[in-house]
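Read through the structure below, which is laid out as structure tokens, and then see the notes.
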Amino acid sequence: MGLKYSWRFLALVFIVVFANFHGLNYAEKAPKYSFIQEATSAPEVSFYDYIVIGGGTAGCPLAATLSARDAKVLVLERGGSPYTNTTKIRMENFISTLTDDSPNSISQSFISEDRVPGNRARVLGGGTVINVGFYSRAETLFLKEAGIDEALANESYEWVEKKIVYKPGAFQWQTAVRNGLLEVGVLPDNGFTYAHLNGTKTSGTIFDKNGNRHTAADLLEYANPTMIKVYLHAVVHKITFTTKDGQRPKADGVIFYDANGGRHIAYLKHESNNRSEIILSAGAIGSPQLLMLSGIGPAARLRSLGIKVVLDQPMVGREMADQPLNGLIIPYPTHIPLSLATVVGINKTSNYFESFNGFDLSALSGAGGAQPQSSNPSQEAMANSTRNQASLAQTIFGPISKGYLELQNTNASDNPKLRFNYFQAAVDLRRCVSGMQTVINVVNSDSLSRFRFRNMTTQDLINMTVNRAANLRPRSPNATTSLEQYCIDTVMTFWHYHGGCQIGKVVDRDYKVLGLDQLRVIDASTFSFSPGTNPQAAIMMLGR
1 MGLKYSWRFL ALVFIVVFAN FHGLNYAEKA PKYSFIQEAT SAPEVSFYDY
51 IVIGGGTAGC PLAATLSARD AKVLVLERGG SPYTNTTKIR MENFISTLTD
101 DSPNSISQSF ISEDRVPGNR ARVLGGGTVI NVGFYSRAET LFLKEAGIDE
151 ALANESYEWV EKKIVYKPGA FQWQTAVRNG LLEVGVLPDN GFTYAHLNGT
201 KTSGTIFDKN GNRHTAADLL EYANPTMIKV YLHAVVHKIT FTTKDGQRPK
251 ADGVIFYDAN GGRHIAYLKH ESNNRSEIIL SAGAIGSPQL LMLSGIGPAA
301 RLRSLGIKVV LDQPMVGREM ADQPLNGLII PYPTHIPLSL ATVVGINKTS
351 NYFESFNGFD LSALSGAGGA QPQSSNPSQE AMANSTRNQA SLAQTIFGPI
401 SKGYLELQNT NASDNPKLRF NYFQAAVDLR RCVSGMQTVI NVVNSDSLSR
451 FRFRNMTTQD LINMTVNRAA NLRPRSPNAT TSLEQYCIDT VMTFWHYHGG
501 CQIGKVVDRD YKVLGLDQLR VIDASTFSFS PGTNPQAAIM MLGR
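Using the UniProt record's numbering, the first residue of the sequence shown is number 1, and each one after it goes up by one.
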């Protein structure tokens with residue numbers, strides 16, 4: 001008997017070692033979990049302790065945590081599974097997947113009223129499935145403003161990190177950018193750390209050493225499989241409420257539709273002694289949109305669309321923001337292995353610097369108006385290499401500039417109207433100009449000199465980036481000579497959307513929706529600024 005168990009043990013060890021060596025993704029077992037199913041299999045009526053709308057960056061850790069506390073949890077995800085085609089979410093396919101605009105893609109595109117294209121996730125795991133993968137914890141200021149206990153936050157970060165975060169390898173381009181940032185004074189050198197610190201550092205990534213992406217969906221491995229149900233392609237149309245004279249409206253159910261158009265309703269269990277809740281975790285765009293579709297928002301606008309008003313709440317959809325991205329495209333003469341951001345610089349003027357290389361950036365190019373053209377054919381030839389190029393980008397803390405979200409119709413699958421008002425606040429524009437000066441200095445540093453075409457000047461790079469700017473804005477004649485105009489004309493999204501359901505305006509400090517019972521919002525829509533240099537760590541921590 002001892003020998004029998006010994007060979008079985010050795011076989012198991014061999015399988016584990018082989019899988020780790022060859023980069024097999026154990027998250028691929030997730031489709032076999034009995035609790036992840038298509039919404040077409042859902043009963044017409046069901047009852048749960050908690051209903052989580054949105055199986056994304058916050059929703060997955062939140063649902064896993066609740067189920068482990070012996071609560072019956074339902075997760076409704078409008079998209080499909082990230083495990084259906086894991087090749088699509090590998091590192092090398094980052095841009096092609098992000099920009100895939102087919103009807104069933106995991107990335108839903110939109111164009112804001114600022115004429116800047118954007119993307120929102122529609123897949124289990126949310127933004128962690130389509131983002132750049134960079135993982136860095138939030139600054140202490142974020143925890144203080146949100147009233148989150150620092151020890152509990154750290155414990156929650158560790159819970160996430162143990163499952164899906166990795167220390168990145170040494171990428172040639174990332175090392176050069178790191179050295180360039182230090183060379184131009186983005187100090188000190190903070191080595192490797194998840195902490196948000198001024199200076200230059202290497203941080204975590206959700207890509208493993210073999211380029212496989214790990215996402216918030218993997219955190220469902222923590223769930224109690226007997227207490228959780230996850231429905232895919234479940235599009236929530238509205239939250240339902242019970243109202244009695246003299247009492248606050250109480251959330252009691254969710255109406256959703258499956259991929260075949262079948263209607264379902266999930267109710268909160270009445271015998272749960274007031275611990276039952278509906279929790280909106282549909283993201284910074286989805287959560288305010290669903291509140292409005294459910295009758296919570298500016299009354300006049302809701303009535304104009306034929307929506308019954310449950311609560312007149314004019315701040316739903318207000319204070320929307322996105323961190324603006326500006327930078328330079330840098331062609332290089334020889335092949336360098338591709339990399340996504342693993343290094344960040346944070347300077348004293350509240351700029352953040354990140355870079356990636358080896359991707360075809362043409363898919364991100366917009367179609368602005370009349371654009372200045374390069375007069376140097378050799379420079380155009382250098383710039384035409386689709387993958388021998390890098391992007392060195394900067395963004396700003398905050399931002400101060402705010403916009404809005406409004407419903408365009410009552411279709412929950414359609415994008416709402418969005419305006420972020422990039423650089424409306426003068427301080428944001430000043431920070432962008434300062435950040436672009438640092439980007440130019442890094443590009444001109446000795447550390448990056450060997451990656452540059454020798455006869456391509458910084459001005460040539462500016463001209464080329466203006467020509468390729470990934471937005472639909474018109475180009476001003478002085479966009480190549482004024483950094484202020486350059487920032488305005490070449491602005492892109494950093495995909496760090498937030499606001500619309502902010503603490504103190506739409507939800508209280510426990511994330512409960514003001515004026516209603518049994519309804520919370522837990523995601524980036526509650527933020528007043530984007531935490532850290534990438535918000536995914538803070539959002540997953542919050543869900544936990």
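C-beta atoms are modelled at their ideal positions from N, C-alpha and C, and glycine is treated no differently.
What is the residue span of the alpha helix (DSSP H) that M464 lies within? Counting along the chain, the alpha helix (DSSP H) containing M464 begins and ends at T458 to R468.
Suppose you measure from the CA of Q108 to the CA of M227; what does that come to, to the nearest Å? If you take the alpha carbons of Q108 and M227, they lie about 31 Å apart.
Would F423 and S350 be called neighbours here (beta carbons separated by less than 8 Å)? no
State the CB to CB distance for the pair E92 and G211, rounded to an integer number of angstroms; the pair is presumed to be in contact (CB under 8 Å). 6 Å
DSSP three-state call for P377: helix, strand or coil? For P377, the predicted structure reports a pLDDT of 45, less than 50, and the residue's modelled location is therefore unreliable. The matter cannot be settled from this model.
With C-beta atoms as the reference, is G79 less than 8 Å away from A121? yes
Does the Cβ-Cβ distance between I206 and Y135 come in under 8 Å? yes
For I346, which residues in the same chain have their Cβ closer than 6 Å to its Cβ, ignoring the five residues on either side in sequence? N198 and Y352
N-terminal and C-terminal residue of the alpha helix (DSSP H) that K144 is part of: T140 to A146
C-beta contact flag for G204 and E150 at 8 Å: no
Classify L407 as helix, strand or coil using the three-state DSSP reduction. coil
If you draw a straight line from the alpha carbon of P314 to that of G297, how long is it in whole angstroms? 5 Å
Distance check for I278 and S46, CA to CA, integer angstroms please. One Cα belongs to S46, the other to I278, and the distance between them is close to 14 Å.
Rounded to whole angstroms, how far is the Cβ of V427 from the Cβ of I400, which I believe are closer than 8 Å? 6 Å
Decide yes or no for the touch test of the region 86 to 100 against the region 449 to 456: beta carbon pairs closer than 8 Å, at least 3 of them. no
Helix or strand or just coil, what does DSSP make of N441? Helix.
Secondary structure at P288, three-state DSSP: helix, strand or coil? helix
Rounded C-alpha distance that separates G543 from C60: 7 Å
On a CA-only basis, which of D218, K250, R137 and E406 is nearest V344? Give me that one, please. R137
May I ask you to report which of helix, strand or coil DSSP gives F527? coil
Measuring alpha carbon to alpha carbon, tell me which residue in M292, H196, T242 and A195 is nearest V236. Cα-wise, what sits closest to V236 is M292.
Between the CA atoms of Y267 and E44 - distance to the nearest angstrom: 11 Å
Just to confirm my understanding: we take I329, look at its own chain, exclude 5 residues before and 5 after, and list those with CB closer than 8 Å. What are they? L361, A383, Q389, A390, S391, L461, M464, T465 and R468
Using only CA atoms, which one of C432, T243 and I111 lies nearest to L311? T243
For P477, which option in N471, A470 and Q485 has the closest C-alpha, if you only look at C-alpha atoms? Out of N471, A470 and Q485, Q485 has the C-alpha closest to the C-alpha of P477.
Based on DSSP bridge pairs, tell me the residues matched to F397. Answer by DSSP bridge pairing: none, since F397 is not bridged.
Tell me the DSSP secondary structure of V310 in three-state form. coil
At what residues does the alpha helix (DSSP H) containing A537 begin and finish? Q536 to G543
Could you check what DSSP says for E183 in three-state terms: helix, strand or coil? helix
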